[in-house]
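Heads up, the thing below is written out as structure tokens.
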Amino acid sequence: MATKTNSADGRTRSSIQIFIVIGLCCFFYILGAWQRSGFGKGDGIAMQITNGGADCNIVPNLNFETHHGGEAGTIDESESKPKVFEPCPPRYIDYTPCQDQRRAMTFPRENMIYRERHCPPEEQKLHCLIPAPKGYVTPFPWPKSRDYVPFANAPYKSLTVEKAVQNWIQYEGNVFRFPGGGTQFPQGADKYIDQLASVIPIDNGTVRTALDTGCGVASWGAYLLSRNVLAMSFAPRDSHEAQVQFALERGVPAVIGVLGTIKLPYPSRAFDMAHCSRCLIPWGVNDGKYLMEVDRVLRPGGYWVLSGPPINWKNNYKAWQRPMEELQEEQRKIEEIAKLLCWEKKYEKGEIAIWRKRLNADSCRERQDDSRATFCKSVGVDDVWYKKMEACITPYPDTSSPEEVAGGELEVFPQRLYSVPPRIASGSVPGVSVETYQEDNSKWKKHVTAYKKINKLIDSGRYRNIMDMNAGLGSFAAALASPKLWIMNVVPTIAERSTLGVVYDRGLIGIYHDWCEAFSTYPRTYDLIHAHGVFSLYKDKCNVEDILLEMDRILRPEGAVIFRDEVDVLIMVKKIVGGMRWDTKMVDHEDGPLVPEKILVAVKQYWVVGGNSTSVH
326 MATKTNSADG RTRSSIQIFI VIGLCCFFYI LGAWQRSGFG KGDGIAMQIT NGGADCNIVP
386 NLNFETHHGG EAGTIDESES KPKVFEPCPP RYIDYTPCQD QRRAMTFPRE NMIYRERHCP
446 PEEQKLHCLI PAPKGYVTPF PWPKSRDYVP FANAPYKSLT VEKAVQNWIQ YEGNVFRFPG
506 GGTQFPQGAD KYIDQLASVI PIDNGTVRTA LDTGCGVASW GAYLLSRNVL AMSFAPRDSH
566 EAQVQFALER GVPAVIGVLG TIKLPYPSRA FDMAHCSRCL IPWGVNDGKY LMEVDRVLRP
626 GGYWVLSGPP INWKNNYKAW QRPMEELQEE QRKIEEIAKL LCWEKKYEKG EIAIWRKRLN
686 ADSCRERQDD SRATFCKSVG VDDVWYKKME ACITPYPDTS SPEEVAGGEL EVFPQRLYSV
746 PPRIASGSVP GVSVETYQED NSKWKKHVTA YKKINKLIDS GRYRNIMDMN AGLGSFAAAL
806 ASPKLWIMNV VPTIAERSTL GVVYDRGLIG IYHDWCEAFS TYPRTYDLIH AHGVFSLYKD
866 KCNVEDILLE MDRILRPEGA VIFRDEVDVL IMVKKIVGGM RWDTKMVDHE DGPLVPEKIL
926 VAVKQYWVVG GNSTSVH
């Protein structure tokens with residue numbers, strides 16, 4: 326009897342073991358299927374967001390709503406209140422950290438070194454919120470903003486006095502008016518551009534991207550916009566108060582910058598046209614390195630326009646109050662450098678001269694034997710961040726025939742926006758094929774459609790100046806393209822791929838930048854900021870608070886931000902901006918709540934120096 330009992334017990338134990346094994350197999354099968362669904366990283370947080378209550382802490386006129394109808398919620402943060410950032414003192418209203426006037430004066434004046442970027446060390450960084458001036462208002466919508474800027478937004482009358490004769494800017498009541506004049510535009514910027522267009526194909530889409538060096542208040546760039554030409558304008562922060570600030574208040578692309586000792590933060594072969602109108606750049610000095618830098622960023626077949634001194638010095642030296650011999654020598658040096666660069670002079674009339682860069686190296690064989698022609702290394706031509714400018718000529722990309730455009734021929738704009746960029750077609754961007762480029766376009770069209778459902782003001786003209794902090798191939802900007810707005814496409818210097826050349830090939834504009842430092846702009850100059858993967862990219866590189874404070878500095882009151890990142894990153898961002906007078910809301914990915922990438926939308930509250938913030942509910 327005892328034997329039978331032991332046998333039965335063994336069969337029972339065996340059955341239990343088989344059941345356990347089958348149960349474990351089923352469990353791991355289900356677990357594997359769950360992981361393959363994409364519901365992996367940050368899944369617990371994602372479920373909290375999806376299942377939580379609605380977050381009503383948002384300015385309602387932005388009309389934020391989720392793509393899929395179910396409103397996203399908030400995380401319980403009652404145990405950990407956000408750090409509250411206090412307003413900076415009023416003297417910092419127009420603070421530009423890396424172009425600070427006081428710090429600049431400690432650097433040499435030689436070669437404009439003191440006007441270049443000099444960012445504060447860690448211990449001198451501000452950890453407060455830059456206030457807006459009293460009376461600050463949302464700029465006028467485009468195109469009215471081209472001609473009128475509210476005085477309260479940039480309350481500086483010095484230019485109205487210093488440049489009164491040149492008709493740059495006039496003060497009328499509570500606004501500044503920009504008549505489109507200038508020393509070189511006595512009949513207005515439009516007539517001036519008409520004169521250039523008699524030589525340069527400005528009106529047919531051949532010329533799309535332009536560089537304005539020493540731009541003043543950017544009237545040249547402002548009036549080119551009606552011809553579908555997008556100009557990147559720059560000027561130093563100098564004695565002419567707030568030139569770049571006025572440009573951006575007008576809704577015209579511009580950055581603080583200077584031709585000094587450091588290379589321009591743009592890729593090679595970026596611009597169809599470059600322009601200097603009384604820009605005060607000494608083109609003939611330092612072995613011609615300034616013109617060589619313009620040549621680097623100018624496309625094969627591109628144009629350089631020089632307007633003002635020393636052109637037509639024979640008739641104007643008395644009016645310019647400069648010695649005739651000095652002006653003659655200045656022009657001789659410019660002509661000599663242009664010849665060394667193999668530029669063809671196309672036009673000189675009055676005070677305007679125009680040169681054209683050759684299409685390829687085949688047209689410039691004679692300079693190979695010129696002892697003065699020093700060529701830069703052909704690799705790393707786009708590695709320019711804080712790199713010293715050199716007196717060397719950037720080589721053309723190789724061509725297979727005398728008629729071929731070096732680097733590839735571009736479509737006219739707007740076809741250029743979605744045609745395959747030559748840098749991708751030629752395989753010049755590692756890891757990016759024609760297929761991945763087209764997939765990127767499709768993806769961002771889908772994302773932008775979702776953004777427009779979340780924030781219905783995107784298409785309304787409310788946001789004129791837009792920044793993409795991590796632009797990639799420029800597909801966000803392409804999907805958003807409209808005459809109502811423009812996008813500053815920023816390619817981080819630490820990005821996996823240098824894609825800014827592709828952005829320019831598409832007829833868009835942008836700049837290299839390291840987000841561990843302040844951007845080269847004034848406070849309150851962007852209406853909408855897009856931050857895709859920025860905080861994942863800069864994880865462990867620099868302080869997240871510093872990046873967010875910089876975003877707050879350059880964002881207008883009541884401006885908006887769209888973050889797209891991993892959910893755990895966005896929870897951290899949401900907590901920090903909760904102490905920065907921003908209203909926020911988390912939204913699911915377009916493909917549903919199981920995707921760990923989420924969208925965080927934010928609005929900066931309206932507040933001014935000495936006043937309280939206003940969050941409309």
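The sequence shown begins at 326 in our numbering and counts up one residue at a time.
Heads up, the beta-carbon is just placed ideally off N, CA and C, and yes, glycines get one too.
Item                                                                                                                                                                            : Value
Assuming Pro-407 contacts Gly-903 (C-beta within less than 8 angstroms), just tell me the rounded distance between them.                                                        : 4 angstroms
Just curious, the beta strand (DSSP E) that Ser-602 is in, first and last residue?                                                                                              : 596-602
Since Asp-694 and Leu-666 are thought to touch, with beta carbons under 8 angstroms apart, how far apart are those beta carbons, to the nearest angstrom?                       : With a Cβ gap of about 16 angstroms, Asp-694 and Leu-666 do not count as contacting.
Is the distance from the Cβ of Pro-422 to the Cβ of Glu-842 below 9 angstroms?                                                                                                  : yes
Measuring straight from C-alpha to C-alpha, what distance separates Phe-844 and Val-580?                                                                                        : 9 angstroms
I'd like to know whether the C-beta atoms of Pro-475 and Trp-811 end up nearer to each other than 9 angstroms.                                                                  : no
Got a sec? Which residues, its chain only, sit under 8 angstroms from Tyr-420 by beta carbon, not counting five neighbours each side?                                           : Cys-413, Leu-451, Ile-455, Pro-848, Arg-878
Please name the residue, chosen from Ala-803, Asp-723, Cys-701, that lies closest to Ile-834 on a Cα-to-Cα basis.                                                               : Ala-803
List the residues that DSSP assigns as beta-bridge partners of Met-430.                                                                                                         : Bridge partners of Met-430: none, in fact.
State the DSSP-derived secondary structure class of Asp-707, mapped to helix, strand or coil.                                                                                   : coil
Put Glu-915 into one of helix, strand or coil per three-state DSSP.                                                                                                             : coil
I think Ala-547 touches Arg-603, with their Cβ atoms under 8 angstroms apart; what is that distance to the nearest whole Å?                                                     : That belief does not hold up - the Cβ atoms of Ala-547 and Arg-603 are roughly 17 angstroms apart, past 8 angstroms.
Please check the pair Leu-853 and Ala-806, which I expect to be a contact at CB under 8 angstroms, by giving their CB distance rounded to whole angstroms.                      : With a Cβ gap of about 14 angstroms, Leu-853 and Ala-806 do not count as contacting.
Going by C-alpha to C-alpha distance, which of Ala-543, Gly-633, Ser-551, Ser-523 sits closest to Arg-533?                                                                      : Ser-551
Does the structure place the stretch 715-724 close enough to the stretch 761-771 that three or more beta carbon pairs sit under 8 angstroms?                                    : no
Between the Cα of Ala-543 and the Cα atoms of Val-569, Pro-526, Ala-595, which residue gives the shortest distance?                                                             : Val-569
Between Gln-570 and chain C, is there a C-beta pair that is closer than 9 angstroms?                                                                                            : In the displayed structure, chain C is absent; only one protein chain is listed.
Taking 8 angstroms as the threshold, find out whether the stretch 501-513 comes into contact with the stretch 553-565 through three or more Cβ pairs.                           : no
Check whether the Cβ atoms of Arg-889 and Tyr-851 lie closer than 9 angstroms to each other.                                                                                    : no
Determine the DSSP secondary structure at Gly-613, reduced to helix, strand or coil.                                                                                            : helix
What did DSSP end up calling Val-569 once you bin it into helix, strand or coil?                                                                                                : helix
Return the CA-CA distance between Leu-652 and Ile-872, expressed in angstroms with no decimal places.                                                                           : 47 angstroms
Can you list the alpha helix (DSSP H) stretches of 4 or more residues lying completely in the stretch 676-701, in chain order?                                                  : none
Short of 8 angstroms in beta carbon distance, which residues of its chain neighbour Tyr-642, apart from the five on each side in sequence? Order them along the chain.          : Pro-648, Met-649, Leu-652
Kindly indicate the opening and closing residues of the beta strand (DSSP E) around His-772.                                                                                    : Not the beta strand (DSSP E): His-772 falls in the alpha helix (DSSP H), residues 759-779.
Using DSSP with H/G/I as helix, E/B as strand and the rest coil, what is Gly-884?                                                                                               : strand
Please name the residue in Met-437, Ser-800, Phe-410 whose C-alpha comes closest to that of Arg-741.                                                                            : Ser-800
Helix or strand or just coil, what does DSSP make of Val-934?                                                                                                                   : coil
Helix, strand or coil: how does DSSP classify Gly-835 here?                                                                                                                     : strand
Could you check what DSSP says for Thr-391 in three-state terms: helix, strand or coil?                                                                                         : Residue confidence for Thr-391 is low, a pLDDT of 27 falling below 50, so the modelled location carries little weight; the figure read from the coordinates is stated next. DSSP places Thr-391 in coil when its eight states are reduced to three.
Hey, quick one: how far does the beta strand (DSSP E) through Phe-559 stretch, first residue to last?                                                                           : 555-560
Let's see if you can read the secondary structure: which residues bound the alpha helix (DSSP H) around Leu-825?                                                                : 825-830
From the DSSP output, read off the bridge partner residues of His-443.                                                                                                          : Answer by DSSP bridge pairing: none, since His-443 is not bridged.
Which residue comes first and which comes last in the alpha helix (DSSP H) that contains Arg-471?                                                                               : 469-472
Taking all protein chains shown into account, do 16 or more other C-beta atoms lie within 10 angstroms of the C-beta of Asn-478, making it buried, or fewer, making it exposed? : buried
Which partner residues of Ile-581 appear in the DSSP bridge assignment?                                                                                                         : Ala-560
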